[in-house]
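K.L.:
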Amino acid sequence: MGFLDQMKGWFSKESAEASDVMDGVKERVGLDLAARERDLKATPDQKMDAIQDEIDSSSAFDDIAAKIDATTAKADANADLAEVENAETSTEIGTDADEDATTTDPTDPEK
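FYI, the numbering for the sequence shown is 114 to 224, going by this note's numbering.
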């Protein structure tokens with residue numbers, strides 16, 4: 114009978130766990146139903162207040178604004194970096210231009 118006792122113990126544990134899960138589901142469904150009933154009974158002013166509270170507490174717009182700011186900051190930083198690199202390159206080209214003025218290009222037909 115040891116095997117049957119183990120099976121009985123396993124089924125009782127599983128049933129207790131399923132019962133706990135169902136209690137949680139019932140509680141969530143009850144809370145959701147109560148919230149929907151409150152929404153149905155609410156006056157238009159109360160509904161507008163609830164919508165405005167939800168909008169105020171929503172961080173979706175804040176997240177989008179932060180992404181825009183980060184993108185703008187990155188673009189500005191890249192532009193600044195490009196300016197610095199161009200300035201460094203133009204100073205290097207300026208020194209090379211003096212050397213190139215004395216040399217001739219063999220492929221240039223005018224020379």
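We put the beta carbon where it would ideally sit given N, CA and C, even for glycine.
For Lys139, which residues from the same chain have a beta carbon less than 8 Å from its beta carbon, with the 5 sequence-adjacent residues on both sides left out?
P.N.:
Answer for Lys139: no residue qualifies.
K.L.:
Please classify Ala210: is it buried, with 16 or more other beta-carbons within 10 angstroms of its beta-carbon, or exposed?
P.N.:
Because the pLDDT of Ala210 is 49, which lies under 50, any placement of that residue in the model is unreliable, and the question is left without a value.
K.L.:
On the premise that Ala163 lies in contact with Ala155, defined as a C-beta separation below 8 Å, what is that separation, rounded to the nearest angstrom?
P.N.:
Yes, Ala155 and Ala163 are in contact; Cβ-Cβ is about 7 Å, under 8 Å.
K.L.:
Could you check where the alpha helix (DSSP H) with Ser259 kicks off and where it finishes?
P.N.:
For the chain, the structure presents residues 114 to 224; residue 259 sits outside this window and is missing.
K.L.:
With DSSP collapsed to three states, give me the class of Ser203.
P.N.:
In the structure shown, Ser203 sits in a helix (DSSP, three-state: H, G or I).
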